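Engineer:
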Amino acid sequence: MSESADIRQEDLLVERIGDGPVIATAIHAGHEVRRELLPFLALDEATRAREEDPYTDFLVKVVPSWIVFRRSRFEVDVNRPREEAVYTRPEMAWGLQLWKRPLPETEIERSLEEYDRFYAELERVLRLLEQRHGCFVVFDIHSYNHRRRGPHAPPDDPRMNPDVNVGTGSMDRRRCGPVVERFMRDLRAYDFMGRHLDVRENVKFRGRQLAQWIHRRFPDSACVLAIEFKKIFMDEWTGVADVERLEELRRALESTLPGLMAVLPTLPGCGAERETDAHGTGDH
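Residues 6 to 289 in the numbering used here are what the sequence shown spells out, letter by letter.
1) Just verifying my parser: in three-state terms, what is the DSSP assignment at A158?
2) Starting from the N-terminal side, write out each stretch of the beta strand (DSSP E) that is 3 residues or longer and does not extend beyond the stretch 199-239.
3) Have a look at L215, A216, R213 and L192 and flag the residue whose alpha-carbon is nearest the alpha-carbon of R205.
4) Please name the residue or residues paired with S175 in a DSSP beta bridge.
5) Taking the beta carbon of Q136 as the centre, do at least 16 other beta carbons fall within 10 Å, making it buried, or is it exposed?
6) Report the three-state DSSP secondary structure of D24 (helix, strand or coil).
7) Taking the alpha-carbon of V229 as reference, which of V248, L265, L108 and R250 has the nearest alpha-carbon?
8) For L17, which three-state DSSP category applies?
9) Helix, strand or coil, according to DSSP, for A125 in the structure here?
10) Tell whether a beta-carbon distance below 8 Å holds between G212 and S260.
11) What is the DSSP secondary structure of T30, counted as helix, strand or coil?
12) Suppose the cutoff is 6 Å on Cβ atoms and the five residues either side in sequence are ignored; what does the same chain contact list for G274 look like?
13) Spell out the partners DSSP gives N170 in its beta bridges.
14) Only counting the same chain, and skipping five residues up and downstream in sequence, which positions put a Cβ closer than 7 Å to that of H151?
15) According to DSSP, D145 sits in a beta bridge with which residue or residues?
16) Between M68 and A29, which are expected to be in contact by the criterion C-beta below 8 Å, what is the C-beta distance as a whole number of angstroms?
17) Tell me the DSSP secondary structure of A47 in three-state form.
18) Mapping the DSSP letters down to three states, classify R279 as helix, strand or coil.
19) What separation, rounded to the nearest whole angstrom, lies between the Cα atoms of A283 and D203?
20) I'd like to confirm the pairing. Which residues does DSSP put opposite W242 in its beta bridges?
21) Please state the DSSP three-state secondary structure of V91.
22) Just to confirm my understanding: we take L258, look at its own chain, exclude 5 residues before and 5 after, and list those with CB closer than 6 Å. What are they?
23) Please work out which residues of its chain come closer than 8 Å, Cβ to Cβ, to R222, disregarding the five sequence neighbours upstream and downstream, and give them in chain order.
24) Do you know how far the Cα of V184 is from the Cα of S116?
25) State the Cα-Cα distance for the pair F75 and R164, rounded to the nearest angstrom.
26) Just the C-alpha distance for R324 and W99, rounded to the nearest angstrom, thanks.
27) Classify R3 as helix, strand or coil using the three-state DSSP reduction.
28) Using a threshold of 8 Å, state whether the C-beta atoms of L42 and F123 are closer than that.
29) Could you spell out where the beta strand (DSSP E) holding V73 opens and where it closes?
30) Can you name the residues that DSSP bridges to I113?
Next up, the structure:
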């Protein structure tokens with residue numbers, strides 16, 4: 006393994022940068038909260054974990070390059086605009102009373118410094134991928150609850166809650182459309198334990214800050230798929246994973262990679278077109 010592919014672990018994130026033009030992120034997998042914030046925290050562990058995205062840090066490792074953000078979204082949410090990244094009011098967090106008393110401005114600023122550090126590192130990593138490959142795909146991996154009425158209540162209406170929601174709201178669909186179509190087609194085609202996954206685009210989520218930020222910063226090189234897995238791989242009330250289903254979802258995600266590798270070079274500014282720009286006509 007090359008040095009660049011070694012796992013890098015910091016207080017804020019864990020990352021591995023390997024080969025290939027696909028990188029995955031799990032920015033809501035984290036459960037850690039800074040020690041200084043614990044006296045302010047009103048939420049119990051179980052409620053906090055239920056609104057996080059457990060096990061997405063397992064799913065990202067389907068590709069050689071990945072980033073896992075270790076902080077809980079309840080400390081700082083890097084999938085929100087900076088001014089909304091620290092939940093200070095219940096309406097910012099599903100009506101949950103997160104804090105026993107208002108956070109001091111100094112603590113809010115410390116959390117926002119973590120937000121800035123994350124995006125600085127993300128920019129560094131994506132510039133590296135852009136330099137190496139020209140164009141790249143980001144799997145922005147999340148999960149979502151579908152039994153909010155209780156552990157024994159019927160699940161939410163599947164018509165509005167697909168197994169996999171692919172968010173493309175900030176994407177230049179004319180440019181990245183082939184990536185989206187191939188990804189969804191191959192994921193639907195996978196034999197998931199005797200059935201096919203319900204995979205749809207922008208039904209429940211369209212992608213938020215991470216996807217928007219990347220598309221703004223890398224308009225000619227990035228295609229971000231904000232992938233929301235319904236929590237069919239776990240009990241969202243106990244937090245216990247169905248390991249067989251979780252591993253099968255990872256294999257389903259892996260099945261999309263050959264198609265993405267085939268279609269990515271066909272996008273404008275990628276592949277053969279980029280080689281011509283870089284090297285001329287080849288007559289010299």
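Don't be surprised by glycine CBs; every beta carbon is placed ideally from N, CA and C.
The model shown is predicted, which means the values in this text are computed figures rather than measured ones.
Structural biologist: The short version:
1) By one-based count along the sequence shown, residue 158 stands at place 153. In this structure, A158 counts as coil in the three-state DSSP scheme.
2) 204-206 and 227-235
3) As a working note, residue 205 is residue 200 in the sequence shown. Looking at the Cα atoms, L192 is the closest of the given residues.
4) Here the question's residue 175 lines up with position 170 in the sequence shown. In DSSP, S175 forms no bridge with anything.
5) One-based indexing of the sequence shown puts residue 136 at position 131. Result: exposed.
6) By 1-based counting over the sequence shown, the position of residue 24 is 19. Three-state DSSP puts D24 in coil, outside helix and strand.
7) Working through the sequence shown from its first residue, we reach residue 229 at position 224. The candidate whose alpha carbon is nearest that of V229 is L265.
8) Numbered from 1 along the sequence shown, position 12 holds the residue referred to as residue 17. Of the three classes helix, strand and coil, the one that applies to L17 here is coil, per DSSP.
9) Within the sequence shown, residue 125 is the residue found at index 120, counting from 1. If DSSP states are grouped into helix, strand and coil, A125 belongs with the helices.
10) Indexing the sequence shown from 1 puts residue 212 at position 207. Indexing the sequence shown from 1 puts residue 260 at position 255. No, the Cβ-Cβ distance between G212 and S260 is not below 8 Å.
11) As a first step, residue 30 is located in the sequence shown; it is residue number 25 there, counting from the start. If DSSP states are grouped into helix, strand and coil, T30 belongs with the strands.
12) For the purposes of this step, residue 274 is taken as the residue at position 269 of the sequence shown. The residues are D225.
13) Walking along the sequence shown from the start, residue 170 turns up at place 165. In DSSP, N170 forms a bridge with R205 and E233.
14) For the purposes of this step, residue 151 is taken as the residue at position 146 of the sequence shown. Same-chain partners within the cutoff: P160, D161, N166, K235 and K236.
15) As a first step, residue 145 must be located in the sequence shown, where it is residue number 140. DSSP lists T30 and A231 as partners of D145.
16) The residue labelled residue 68 in the question sits at position 63 within the sequence shown. The residue labelled residue 29 in the question sits at position 24 within the sequence shown. The identity of residue 68 in the sequence shown is Val, whereas the question assumes Met. 5 Å between Cβ atoms; contact.
17) Taking the sequence shown and counting its residues from 1, the one referred to as residue 47 is at position 42. Note: A47 maps to coil in three-state DSSP.
18) Taking the sequence shown and counting its residues from 1, the one referred to as residue 279 is at position 274. The pLDDT assigned to R279 is 49, lower than 50, so where the model puts this residue is not dependable; a value taken from the coordinates is nonetheless given after this. DSSP places R279 in helix when its eight states are reduced to three.
19) In the sequence shown, the residue the question calls residue 283 occupies position 278. In the sequence shown, the residue the question calls residue 203 occupies position 198. For A283, the pLDDT reaches just 42, beneath the cut-off of 50, and the residue's location in the model is therefore unreliable, although a value from the coordinates is still provided. Using only the alpha carbons, I get a separation of about 41 Å.
20) Residue numbering aside, residue 242 sits at position 237 when the sequence shown is read from its first letter. Per DSSP, none; premise fails for W242.
21) For the purposes of this step, residue 91 is taken as residue 86 along the sequence shown, with counting starting at 1. Three-state DSSP puts V91 in coil, outside helix and strand.
22) Your numbering for residue 258 matches position 253 in the sequence shown. Excluding residues within five positions, the ones whose Cβ falls inside 6 Å are V67.
23) As a working mapping, residue 222 is identified with position 217 in the sequence shown. E128 and L131.
24) Locating residue 116 in the sequence shown gives position 111, counting from the first residue. Locating residue 184 in the sequence shown gives position 179, counting from the first residue. The straight-line gap from Cα to Cα measures roughly 35 Å.
25) Counted from its first residue, the sequence shown places residue 75 at position 70. Counted from its first residue, the sequence shown places residue 164 at position 159. Residue identity check: residue 75 is Arg in the sequence provided, not Phe. Going from the Cα of R75 to the Cα of R164 covers about 33 Å.
26) The structure shown does not extend to residue 324, since the chain is modelled only from 6 to 289, so the question has no answer here.
27) Here the chain has residues from 6 to 289 only, and residue 3 is not among them.
28) Locating residue 42 in the sequence shown gives position 37, counting from the first residue. Locating residue 123 in the sequence shown gives position 118, counting from the first residue. Against a cut-off of 8 Å, the Cβ pair of F123 and L42 comes out as no contact.
29) Numbered from 1 along the sequence shown, position 68 holds the residue referred to as residue 73. It spans S70 to F74 - the beta strand (DSSP E) in which V73 sits, taken as one unbroken run.
30) For this step, residue 113 is matched to residue 108 along the sequence shown. I113 is not bridged to any residue.
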